[in-house]
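Novice:
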Amino acid sequence: MKNKNYFLYSIIFMFLIISCSPDSDNDITQPESVSPAQYNSDVVVSWFNLIKVLTTETAGYTPPVAARAFGYTGIALYESIQVGSADKLSLTGRINDLNLETTIEEGLEYHWPIVANTTLATMTKFFYSNASVVNYSRILELETEFNNQYSNDIADDVINRSITFANDLTEQIILWSTTDGGYAAQFNNFPIEYEPLSGVEFWKPTAPDQRALQPYWGSNRPFISLNVENSIPVDPPVYSTDVNSIYYIRALEVYEVVNNVTPEQTVIAEFWSDDPQTSATPPGHSISILNQLINDNDFD
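Its first residue numbered 45, the sequence shown is counted upward by one per residue in this note's numbering.
1) Under 8 Å between the Cβ atoms of Thr146 and Leu213?
2) Go ahead and pull the three-state DSSP assignment for His329.
3) List the endpoints of the continuous alpha helix (DSSP H) containing Glu123.
4) What residue from Arg138, Glu149, Met167 has the CA that sits closest to Trp91's CA?
5) Would you mind sorting Tyr105 into buried or exposed? The rule is 16 or more other CB atoms within 10 Å of its CB.
6) What alpha helix (DSSP H) runs, 4 residues minimum, are completely inside the segment 190 to 261?
7) Would a C-beta distance cut-off of 8 Å place Ala229 and Gln254 closer than the cut-off?
8) Can you give me the C-alpha to C-alpha distance between Thr100 and Pro326, rounded to a whole angstrom?
9) Could you compute how far the alpha carbon of Ser134 sits from the alpha carbon of Val159?
10) Kindly give me the distance between the Cβ atoms of Trp220 and Asp141, rounded to whole angstroms, as I take these residues to be in contact under 8 Å.
11) Around the Cβ of Leu152, are there at least 16 other Cβ atoms within 10 angstroms (buried) or fewer (exposed)?
12) Going by DSSP, what residue range makes up the alpha helix (DSSP H) through Gln309?
13) Only counting the same chain, and skipping five residues up and downstream in sequence, which positions put a Cβ closer than 6 Å to that of Leu144?
14) Determine the direct distance from the alpha carbon of Ala295 to that of Val278, and round the result to whole angstroms.
15) Within 8 Å (strictly less), CB to CB, does Gln193 reach chain B?
16) Is it the case that the Cβ atoms of Pro240 and Pro107 are separated by a distance below 8 Å?
17) Can you tell me which of Tyr172, Ala165, Leu334 puts its alpha carbon nearest to the alpha carbon of Asn121?
18) Kindly indicate which residue of Ile293, Trp156, Ser129, Asn271 has the alpha-carbon position closest to the one of Pro280.
19) With DSSP run on the structure shown, which of helix, strand or coil describes Pro157?
20) Mind checking who Ser323 pairs with in its DSSP beta bridge?
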């Protein structure tokens, strides 16, 4: 059974909450800047709210494709601000094939909201390059809005330094993302060369000419190999039409639930119904929950 690596992409946002803390003997010189923790979350929340809209309205953004975009964008955001936090470490060397060579100028000031804004804008423009003209304009407008908001109070050299750092970082992360096996997947969700296995026990197209969605996704590079190794499901029950077999009993259970669904089950199903083009898909739903927690609890 192929591993559903898009779940691994979506949980990368746990790094933004838990992240990495340095060992006591880790010698890191921090710049003379205000800590990122001293700023509010307006930039991050605004960008991910926009990305949810883009995910819903941009062609090709199925759940695995969307999760990949959210995952890489989350890593870029974390890497862009962790250098300004004394208690955080880079994910370089901790995530598969991530080897960032980003530097900050020691003793100089950086403005972390501008760093985050540039990072999120660049990643969004990359992943949603096929957005509609109207939606792509929204990306540019949000980037400009935050830059204008901060430009009156920040020296030009600080602004330029912050933007340069973010651009250098995102260039490396984007290049890294193109080598994972899922590059430009939004343009090829249903590979025509894939042929399902033969046999009554194997998957068959369920709608006229509906090909398999991302059948090779399980071969993509995961962020962390242990996430794959530790989450491999047990083998499914052997296919059987015997009414006493585990396979038949479980299939019958699903059939009976569907045909006798309760009001509570309907509400739960609709809450988690994250179909593409009508929602931001499952990873976008997780981001919605994160943004709601930030807003409801004043997590700046």
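Cβ atoms here follow ideal geometry from the backbone N, Cα and C, with glycine treated the same way.
Note that the structure is predicted; figures quoted are calculated from it, not measured.
Specialist: Reading off the structure:
1) Between Thr146 and Leu213, the C-beta spacing is below 8 Å.
2) Looking at His329 - three-state DSSP - the assignment turns out to be helix.
3) For Glu123, the uninterrupted alpha helix (DSSP H) segment begins and ends at 107 to 126.
4) When each option's Cα is compared against that of Trp91, the closest is Met167.
5) Taking all protein chains shown into account, Tyr105 has 16 or more neighbouring C-beta atoms within 10 Å of its C-beta and is therefore buried.
6) As summarised for the segment 190 to 261, the continuous alpha helix (DSSP H) elements at least 4 residues long and confined to that stretch are 200 to 221, given in chain order.
7) Gln254 is positioned such that its CB atom lies no closer than 8 Å to that of Ala229.
8) Using only the alpha carbons, I get a separation of about 11 Å.
9) Each residue's alpha carbon lies about 16 Å from the other.
10) About 7 Å separates the beta carbons of Trp220 and Asp141, which is inside the 8 Å limit, making them a contact pair.
11) Leu152 is exposed by the Cβ-count criterion.
12) For Gln309, the enclosing alpha helix (DSSP H) begins and ends at 307 to 315.
13) The residues are Thr136, Gln216.
14) Spanning the two alpha carbons is a distance of roughly 17 Å.
15) Here there is only one protein chain, and chain B is not present.
16) By the CB criterion at 8 Å, Pro240 and Pro107 fall outside the cutoff.
17) According to the sequence shown, residue 121 is Leu rather than Asn. Minimum Cα-Cα distance from Leu121 among the listed residues Tyr172, Ala165, Leu334 corresponds to Ala165.
18) Among Ile293, Trp156, Ser129, Asn271, the Cα nearest to that of Pro280 is on Ile293.
19) Reduced to three states, the DSSP call for Pro157 is helix.
20) Answer is Pro320.
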